[in-house]
Each structure stands twice: as structure tokens, then as C-alpha cells.
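First up is the structure itself, then whatever we jot down about it.
Number of protein chains: 2
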Amino acid sequence: MTSHAAIPDRPSHPPVTRIDDFYAVIPAGGAGTRLWPLSRAGQPKFLHDLTGSGRSLIQATFDRVARLADHDGVLVVTGESHASAIVDQLPTLSRGGVLTEPSPRDSMAAIGLAAAVLHRRHGDVVFGSFAADHVITDLTGFDAAIREAVTAAREGWVVTVGISATRPSTAFGYIHAGESLNIERAPSVRAVASFTEKPDAATARTYLSTGEYRWNAGMFIARVTVLLDHLRNQRPALYQGLMEIADAWDTDQQDAVVAQVWPKLEKIAIDHAVAEPVAALGGVAVVPGNFGWDDVGDFNSLAALLPSDDSHGSKVLGDHTDVVRVGSAGSVIVPQSGRLVTVLGLDDVVVVDTPDALLVTTRARAQQVKDMVTELRDRGLDEYM
Amino acid sequence: MTSHAAIPDRPSHPPVTRIDDFYAVIPAGGAGTRLWPLSRAGQPKFLHDLTGSGRSLIQATFDRVARLADHDGVLVVTGESHASAIVDQLPTLSRGGVLTEPSPRDSMAAIGLAAAVLHRRHGDVVFGSFAADHVITDLTGFDAAIREAVTAAREGWVVTVGISATRPSTAFGYIHAGESLNIERAPSVRAVASFTEKPDAATARTYLSTGEYRWNAGMFIARVTVLLDHLRNQRPALYQGLMEIADAWDTDQQDAVVAQVWPKLEKIAIDHAVAEPVAALGGVAVVPGNFGWDDVGDFNSLAALLPSDDSHGSKVLGDHTDVVRVGSAGSVIVPQSGRLVTVLGLDDVVVVDTPDALLVTTRARAQQVKDMVTELRDRGLDEYM
Numbered sequence: 024m025t026s027h028a029a030i031p032d033r034p035s036h037p038p039v040t041r042i043d044d045f046y047a048v049i050p051a052g053g054a055g056t057r058l059w060p061l062s063r064a065g066q067p068k069f070l071h072d073l074t075g076s077g078r079s080l081i082q083a084t085f086d087r088v089a090r091l092a093d094h095d096g097v098l099v100v101t102g103e104s105h106a107s108a109i110v111d112q113l114p115t116l117s118r119g120g121v122l123t124e125p126s127p128r129d130s131m132a133a134i135g136l137a138a139a140v141l142h143r144r145h146g147d148v149v150f151g152s153f154a155a156d157h158v159i160t161d162l163t164g165f166d167a168a169i170r171e172a173v174t175a176a177r178e179g180w181v182v183t184v185g186i187s188a189t190r191p192s193t194a195f196g197y198i199h200a201g202e203s204l205n206i207e208r209a210p211s212v213r214a215v216a217s218f219t220e221k222p223d224a225a226t227a228r229t230y231l232s233t234g235e236y237r238w239n240a241g242m243f244i245a246r247v248t249v250l251l252d253h254l255r256n257q258r259p260a261l262y263q264g265l266m267e268i269a270d271a272w273d274t275d276q277q278d279a280v281v282a283q284v285w286p287k288l289e290k291i292a293i294d295h296a297v298a299e300p301v302a303a304l305g306g307v308a309v310v311p312g313n314f315g316w317d318d319v320g321d322f323n324s325l326a327a328l329l330p331s332d333d334s335h336g337s338k339v340l341g342d343h344t345d346v347v348r349v350g351s352a353g354s355v356i357v358p359q360s361g362r363l364v365t366v367l368g369l370d371d372v373v374v375v376d377t378p379d380a381l382l383v384t385t386r387a388r389a390q391q392v393k394d395m396v397t398e399l400r401d402r403g404l405d406e407y408m
Numbered sequence: 024m025t026s027h028a029a030i031p032d033r034p035s036h037p038p039v040t041r042i043d044d045f046y047a048v049i050p051a052g053g054a055g056t057r058l059w060p061l062s063r064a065g066q067p068k069f070l071h072d073l074t075g076s077g078r079s080l081i082q083a084t085f086d087r088v089a090r091l092a093d094h095d096g097v098l099v100v101t102g103e104s105h106a107s108a109i110v111d112q113l114p115t116l117s118r119g120g121v122l123t124e125p126s127p128r129d130s131m132a133a134i135g136l137a138a139a140v141l142h143r144r145h146g147d148v149v150f151g152s153f154a155a156d157h158v159i160t161d162l163t164g165f166d167a168a169i170r171e172a173v174t175a176a177r178e179g180w181v182v183t184v185g186i187s188a189t190r191p192s193t194a195f196g197y198i199h200a201g202e203s204l205n206i207e208r209a210p211s212v213r214a215v216a217s218f219t220e221k222p223d224a225a226t227a228r229t230y231l232s233t234g235e236y237r238w239n240a241g242m243f244i245a246r247v248t249v250l251l252d253h254l255r256n257q258r259p260a261l262y263q264g265l266m267e268i269a270d271a272w273d274t275d276q277q278d279a280v281v282a283q284v285w286p287k288l289e290k291i292a293i294d295h296a297v298a299e300p301v302a303a304l305g306g307v308a309v310v311p312g313n314f315g316w317d318d319v320g321d322f323n324s325l326a327a328l329l330p331s332d333d334s335h336g337s338k339v340l341g342d343h344t345d346v347v348r349v350g351s352a353g354s355v356i357v358p359q360s361g362r363l364v365t366v367l368g369l370d371d372v373v374v375v376d377t378p379d380a381l382l383v384t385t386r387a388r389a390q391q392v393k394d395m396v397t398e399l400r401d402r403g404l405d406e407y408m
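Protein sequence lines, in the order shown, are assigned to chains A and Y.
To convert, take the position in the first sequence, counting from 1, and add 23; that gives this note's numbering.
To convert, take the position in the second sequence, counting from 1, and add 23; that gives this note's numbering.
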């Protein structure tokens with residue numbers, strides 16, 4: 024398996040002008056069960072280099088946002104079990120740059136805590152939340168979108184990023200864009216008419232045909248007080264709990280208060296707690312993201328991010344010399360055990376080879392890998408999860 | 024990988040009356056490249072338990088023939104690199120029961136040497152040659168066929184065993200049976216009209232429709248002097264060389280003579296050297312073998328020998344608890360590394376998992392596994408072969 028310790032710290036992007044009073048939050052949670060056995064509870068997706076770039080997903084995310092927010096302006100919110108691996112992978116992350124959760128309470132608690140801590144530390148700054156396990160290509164497009172989003176956020180909007188949909192994906196939620204907001208220096212920002220859940224294929228095709236729907240990249244940009252005010256209105260108990268914790272943060276009361284309050288916090292996604300109800304009230308905006316984006320949800324989408332290893336569209340994540348294919352087109356091979364992986368006469372097969380567990384499936388079944396994880400759990404094979 | 028040391032010595036068959044002055048020869052050569060990566064040059068097919076019986080193929084062969092020839096009446100002919108593994112697996116094999124070849128010279132040299140050594144040691148006895156890596160079910164049928172064959176051999180025939188063909192296999196050679204020989208106490212023995220190479224599918228179907236063709240199980244039963252006389256007539260130089268070696272065998276000249284003469288011996292199969300030309304002269308007979316037989320040539324034929332692991336026709340050679348399948352019918356899984364092997368949504372797949380190499384293919388491609396071995400050789404990956 025890829026060792027996170029083996030991934031060098033190599034910020035690979037040219038410097039850009041940072042955005043004043045802008046902070047980046049990276050929620051790092053979720054095991055990524057559709058990427059089992061590469062991704063495990065103890066070694067989740069964001070700690071892996073899934074693109075062959077030499078950087079793990081969280082390192083690439085950090086590199087991307089630290090250019091805009093500065094190294095000292097990045098906060099990672101994660102579980103206690105991943106904190107040290109993250110600090111190892113991100114040596115330039117500031118002290119105090121990791122907020123550890125004693126248990127997962129979903130994204131609203133994680134992002135709300137970060138917003139509240141930023142408010143206590145820095146006042147009414149703008150922050151953006153960026154998942155630790157997404158892949159973005161075209162940084163120029165990313166930078167431009169975030170700059171527009173920050174401009175709109177300063178005006179009081181909760182801003183999302185809508186990726187131009189290149190296919191009728193059923194794996195993503197969609198943002199239905201409404202009227203232009205005519206914001207100065209943020210000309211492409213529009214109101215959000217509504218968010219949608221992952222659609223079926225026919226619905227997804229309809230969305231694409233209208234040109235009004237974009238993929239929801241799960242990014243949120245807002246002033247911390249704007250987000251917290253919405254949270255107070257929508258989920259007052261969760262807001263109060265987070266305020267109690269934030270008041271104690273960076274004090275000698277922190278551990279005691281977290282231990283007491285955190286376990287009682289409501290477990291809810293930011294989408295349901297704030298984004299959807301506030302969109303219905305007219306408070307959410309969307310900036311178009313015209314850059315390559317993927318949440319690397321499964322081995323098929325992972326394949327799309329890798330260069331072809333041969334003229335038959337085969338992909339390898341790992342050491343190419345560990346793989347021998349005869350009569351096998353379109354395969355996705357993840358050799359992570361040091362063993363020789365050979366495939367004969369099977370097209371579009373997925374082979375994920377780790378030191379203690381092997382998965383053989385097809386690209387068409389990639390979304391169903393979570394069913395295998397469920398089966399392992401049912402059989403009590405927790406040591407492989 | 025299955026360790027040959029882990030296979031217990033457990034002769035599992037009830038005793039039968041042994042055949043007087045009958046000796047069994049087991050040529051143990053051939054890596055079995057269609058069973059890669061389970062079968063390797065250093066750990067060939069015959070050292071593995073391929074049926075889940077708890078006995079390796081050579082152990083099962085020994086058990087089968089030692090009942091008829093006695094433990095002291097069995098000779099194994101093999102390469103120097105396999106001699107110690109064979110002795111480990113066959114602790115009841117007599118001293119002097121292993122004839123080691125310094126290099127492979129094909130089956131005529133191996134069987135001819137055994138016949139000549141038997142002649143020196145025991146006189147004009149009858150011997151039978153039985154491949155180390157075949158699987159036989161129904162020992163009663165086997166015993167009956169060999170007893171008839173020995174009776175015919177005493178009369179001067181070179182006797183082969185023709186297995187009743189249950190399908191138009193293109194993986195086996197066929198024996199075309201001729202007239203009945205009307206031998207007393209060997210009523211079903213017939214002359215061999217001819218041997219055929221492996222046929223194409225249409226020819227194989229024609230063979231089956233006539234009822235005159237049987238699978239050539241590669242067994243030969245003859246008086247040692249009968250075989251050696253045929254060899255002298257057909258291949259005088261090879262005969263002379265083998266006589267020189269046999270004269271020195273069991274003496275202090277053995278190693279020196281073997282080193283000098285063996286490398287010059289003609290490399291030829293007993294089929295081409297003796298069986299085919301002598302059949303044309305009317306000297307070869309066939310006894311019908313009405314028992315289950317397979318040469319376990321590939322993973323698909325291996326599958327046919329294993330009990331089903333589930334209601335979907337899936338087969339496992341190894342520890343069943345190392346395998347988890349979801350939506351996978353007819354798969355053949357060989358878990359030999361101790362790792363968890365999981366298959367999702369792929370039917371009829373073959374997964375062979377060994378500590379240093381993995382093969383993923385399909386049952387339909389089982390015969391082409393040798394192409395993978397060729398590819399590995401072409402790439403210089405000899406450490407996996």
C-alpha cells in the first residue's frame with residue numbers, strides 16, 4: 024500500500040497573489056469504501072496518491088489552497104486517528120492548523136467548528152471549505168472561481184462552486200443555477216435556485232440538456248459570521264454546542280468541553296443543515312467552476328485521472344513494472360503489494376492488489392465495491408476494513 | 024503456495040492383491056506452464072495438491088501404483104532439482120527408488136533408463152509407466168485395466184490405456200483401436216490401429232461418433248525386454264547410450280558414466296520413438312480405461328476436479344475462508360498466499376494468488392496461460408517462472 028511517509032512534501036504550483044483575510048478549511052473524513060482495499064478506515068483515500076502525481080489527495084488539496092490562503096491560513100478538520108498522518112504529510116501546516124474531532128459528526132459540525140474557531144482567532148474573515156479527497160486539474164480556473172466566490176462571499180452570500188458537467192453523471196449532486204447576481208468583480212456568480220440529489224441517468228441527461236445544471240463540487244465559501252448566523256437560524260442547538268466548544272478552543276478548557284459537548288452534536292451534512300434551506304431563502308450563490316474536477320469516488324473515476332499505460336487504454340496506479348497484461352484492454356491495475364500482477368484475456372477488469380487483501384472486479388461494477396465492504400462487515404472481517 | 028512439506032503421508036486406498044513381478048515407473052517432469060503461477064519450474068504441478076484431497080498429484084500417483092507394485096516396486100524418474108522434494112513427499116519410496124536425470128531428455132530416455140535399470144536389478148519383469156501429474160478417480164476401474172494390461176504385456180505387447188472419451192476434447196491425443204486380440208484373461212485388449220495428435224474440434228467430434236477412439240492417457244505397460252528390443256530397433260543410438268548408463272547404474276561408475284553419456288542422448292518422446300512406429304508394425308495394444316482420468320492441464324480442468332464451493336458453481340483450491348465473492352458465478356479461486364481474495368461481479372473468472380505473483384484470467388482462456396509464461400520469459404522475468 025502507498026505509504027504516506029513516502030510521499031515527499033513538494034508544493035508543485037507557481038506562487039500566486041494570496042487573497043486577503045481568506046482562510047481555507049479542509050474537512051478530512053470519510054474512508055472511501057468504494058476504493059477498498061486501497062482505501063481503508065485507517066488509511067483513507069485522502070492519504071493516498073491516487074493520480075500518480077507524487078502527492079496524496081490531501082497534499083494536493085493543501086498545495087492548491089495554501090497558495091490562496093497562505094500556509095498559516097489553512098485548517099484541517101479530521102478524526103484523532105488521522106491527525107498525526109496528516110501532520111506528517113503536511114509539514115508546513117501551522118501549529119493549531121489541525122482541529123481534531125473525537126468522533127465523526129458529519130460535515131456541518133466539522134465546518135461549523137472551523138468557522139467558529141476562525142471567528143475567535145481572526146474575526147469576520149472569509150473562509151472556503153474544500154474536501155481533502157477531490158482532484159482538480161487547471162489551477163488557473165480554480166483560482167479564478169475562488170476569487171469570484173470570495174468577492175460574492177464578502178457581500179454576504181454563501182457561495183458554492185458548480186462544475187460544468189461534461190457527462191450525465193449519476194454519481195454527483197447537481198446545482199440548479201438561477202438569476203445572475205450582478206456582483207461587481209464577480210460577474211459570473213448566480214443565485215442557486217436549488218440543489219438536487221444524485222439523479223438517475225434519464226434525469227441527469229435532462230439536466231445537461233438545459234445547460235442550467237452544474238455538478239456540486241461540495242465547496243462552500245462564506246464569511247464566517249454569515250455561515251454561523253445561518254446555522255443559528257437553521258440548527259440552533261448545533262450552533263450553541265459549537266459556540267461552547269469554540270469559546271473553549273485554544274484554552275486549557277478545550278479538551279474537557281470538547282469531551283462533554285461534541286458527542287451530543289447533531290450529525291448532519293452542511294448541505295442539509297444550511298445550503299439547501301438557505302438556498303430556498305435566496306441566500307446561496309454559485310460560481311461556475313470551469314476546471315477539471317473529480318471526487319475520485321471509485322476505481323472507474325480513478326482510471327479517468329490516470330494516463331494510459333499502453334495503447335489499449337489500460338491504467339496502472341503504482342509501479343508499472345509490476346504489471347503484465349496479455350490480451351487485456353481497458354484494465355485498471357493497482358499494484359500496491361510489490362507482487363507481480365498479471366492479467367490474461369480480460370477487458371475492463373479492475374485488480375487492486377494490497378499486502379493483505381485483493382479485489383478483482385470490473386470498471387462497470389466500480390460503484391458497487393461498497394457492497395463488498397458491506398459483505399466483509401457482515402462476515403466480521405473487520406481487520407480488512 | 025502449497026508447501027509440499029505440509030502434505031501428510033497418508034496412503035488412502037484399501038489394500039489390494041499386488042501383481043507379481045510388476046514394477047511401476049513414475050516419470051516426474053514438466054513444469055505445467057498452463058497452471059502458472061501455482062505451478063513453477065521449481066515447484067512443478069506434480070508436487071501440488073490440486074484436488075483438495077490432502078495429497079499431491081505425485082503422492083496420489085504413488086499411492087495408486089504402490090498398491091499394485093508394492094512400495095519397493097516403484098521407481099520415480101525426475102530431475103535433480105526435484106529429487107529431494109519427492110523423497111520428502113514419498114517417505115515409503117525405497118532407497119534406489121529415485122532415478123535422477125542431470126537434464127531433461129524427454130520421456131523415451133526417462134522411461135528407457137527405468138526399464139534398463141529394472142532389467143539389471145530384477146530381470147525381464149513387466150513394468151508400467153504412469154505420469155506423476157494425472158488425476159484418476161475410480162481405482163477399481165484403474166486396477167482392472169492395469170491387470171489386463173499386464174496380462175497382455177506378458178504376451179509381448181506394448182500396452183497403452185485408452186480412456187473412454189466423455190467429450191470431444193481437443194486437449195488430448197486419441198488412440199484408434201483396432202481388432203480384439205483375444206488374449207486369455209485380458210478380453211478387452213485390442214490392437215492399436217494408430218495414435219493421433221490432439222485433434223481440432225470437428226475431428227474430435229468425428230472421433231467420438233465412431234466409438235473407436237479413446238483418449239491416450241500416456242500410460243505404457245510392457246515387459247522391459249520387449250520395450251528395450253523395440254527401442255534397439257527404432258533408436259539404436261539412444262538404446263546404446265541407455266545400456267551404457269544402465270550397466271554402470273548402482274556401481275561407483277554411475278555418476279561418471281551418466282555425466283558423460285546422458286547429455287548426448289536423443290531428446291524424444293516415447294510416443295514418437297516407440298509407440299507410433301511399433302503400432303504401425305502391429306506391436307501395440309490398448310486396454311480400455313473406464314475410469315475418471317484427467318491430466319489437469321489447466322485451471323479449467325482443475326476446476327472440474329474440485330467440489331463446488333457454493334450454489335453458483337464456484338471452486339476454491341485452498342482455504343475457503345480466504346475467499347469472498349459477491350455476484351460472481353463459476354469462478355475458480357486459488358488462494359495460496361494467506362491474503363483475502365475478493366471478487367465482485369465477474370463470472371467464470373480465474374484468480375490464482377501466490378505470495379509473489381497473481382494471475383487473473385477466465386476459464387475460457389485457461390489453455391492460454393502458457394502465453395503469459397511466454398510473455399514473462401520474453402520480459403526476462405525468470406524469477407517468477
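By construction, the Cβ of each residue, glycine as well, lies at the ideal position given by its N, Cα and C atoms.
All figures in this text were calculated on a predicted structure; none of them were measured in a lab.
Does residue i pass the burial test, meaning 16 or more other C-beta atoms within 10 Å, or should it be called exposed?
i	result
A/Leu304	exposed
A/Thr229	exposed
Y/Gly96	buried
Y/Ala154	buried
A/Pro358	buried
Y/Gly135	buried
Y/Arg63	buried
A/Arg177	buried
Give the DSSP-derived three-state secondary structure of residue i in the structure shown.
i	result
A/Phe45	strand
A/Thr40	coil
A/Arg87	helix
Y/Lys338	strand
Y/Ser152	strand
Y/Arg258	coil
Y/Arg348	strand
A/Thr385	strand
A/Ala326	helix
Y/Leu404	coil
A/Leu367	strand
A/Arg78	coil
Tell me which same chain residues have a C-beta within less than 6 Å of the C-beta of residue i, skipping the five on either side of it?
i	result
Y/His142	Val247
A/Ile42	Leu91 and Val173
Y/Glu124	Gly102
Y/Gly179	Val249
Y/Asp371	Gly353, Thr385 and Arg386
A/Asp236	The question names Asp, but residue 236 of chain A in the sequence shown is Tyr. Once the five neighbours on either side are set aside, the close Cβ partners of A/Tyr236 are Tyr197, His199 and Tyr230.
A/His253	Val297 and Val301
Apart from the five residues on each side of it in sequence, which residues of its chain come closer than 7 Å, Cβ to Cβ, to residue i?
i	result
A/Ala214	Gly201, Glu202, Leu204, Gly305 and Ala308
A/Ala302	Val215, Ser217 and Phe218
A/Asp129	Lys290, Ile291 and Ala292
Per the DSSP calculation, residue i is bridged to which residue(s)?
i	result
A/His199	A/Ser217 and A/Tyr236
Y/Trp316	Y/Ile159
A/Pro378	Its beta-bridge partners do not exist; DSSP assigns none.
Y/Phe69	For Y/Phe69, which the question treats as bridged, DSSP gives no partner whatsoever.
A/Ile186	A/Trp238 and A/Gly312
A/Arg63	A/Gln66
Y/Glu124	Y/Gly102
Taking only heavy atoms of the ligand GTP into account, decide whether any of them is closer than 7 Å to the Cβ of residue i.
i	result
A/Arg213	Summarising the ligand content, the structure contains no ligands, and the ligand GTP is consequently not present.
Can you name the residues of chain D whose CB is closer than 8 Å to the CB of residue i?
i	result
Y/Thr56	The displayed structure is made up of protein chains A and Y, and chain D is not among them.
Do three or more CB pairs link the stretch 341-351 of chain Y to the stretch 340-354 of chain A at distances below 8 Å?
-> no
Is the stretch 257-274 of chain Y in contact with the stretch 145-162 of chain Y, if contact means three or more CB pairs nearer than 8 Å?
-> no
Segment contact flag, the stretch 388-397 of chain Y with the stretch 318-330 of chain Y, C-beta cutoff 8 Å, min 3 pairs | yes
Does the count of Cβ pairs from the stretch 186-200 of chain Y and the stretch 331-344 of chain Y closer than 8 Å reach three?
-> no
Is there contact here, the stretch 227-245 of chain Y with the stretch 276-285 of chain Y, by at least three beta-carbon pairs under 8 Å?
-> no
Is it a yes or a no for the stretch 357-366 of chain A touching the stretch 379-386 of chain Y, going by three-plus beta-carbon pairs under 8 Å?
-> yes
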